[in-house]
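If you're matching positions, the sequence shown starts at 52 in the numbering used here and goes up one per residue. Let me begin by presenting the structure, written as structure tokens, before commenting on it.
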Amino acid sequence: MDLTDIPDDAYDGEKSPPELNALESPDTVLKGGSTRERLLDVVVGLRTPTKVSTIAERADCDTETARDYLKWFDEMGMAQRHDGRPVRYERNDA
């Protein structure tokens, strides 16, 4: 088979295109996971130490819930805590 061969099961134009309005919005897909998954996604995306309240806002959860998970992520080595006022976290690249 070379690059110009068309497979037998290739789209032939007879089927109607998918109904895009029936698909989930990207916002729903991105925020649809569990709180832990959303927080981990935010932590993995952090490039600089970030306040707990900002992380909670990005993960769409309560600040105290974020604080509990971030403490656990720090204990597991997935995040790094920066003490001070306010406490900040960033992902642990180690």
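In this text, a Cβ means the ideal position worked out from N, Cα and C, and glycines have one as well. Since the model is a prediction, treat every value here as computed from it, not as a measurement.
Roughly how many whole angstroms lie between the Cα atoms of residue i and residue j?
i, j, result
"Arg132", "Ser85", "22 Å"
"Asp92", "Trp123", "15 Å"
"Pro137", "Leu121", "14 Å"
"Arg89", "Asn72", "25 Å"
"Met129", "Glu70", "40 Å"
"Glu65", "Asp59", "14 Å"
Under the assumption that residue i contacts residue j (Cβ atoms under 8 Å), give the Cβ distance between them as a whole number of angstroms.
i, j, result
"Arg87", "Val103", "Contact flag wrong, Cβ pair sits at about 15 Å."
Apart from the five residues just before and just after residue i, which ones in its own chain have a Cβ nearer than 7 Å to its Cβ?
i, result
"Thr114", "Val103, Ser104, Ala107"
"Arg109", "Val93"
With which residues is residue i paired in a DSSP beta bridge?
i, result
"Arg142", "Ala130"
"Thr101", "Tyr140"
Does the beta-carbon distance from residue i to residue j come in below 8 Å?
i, j, result
"Val95", "Arg142", "yes"
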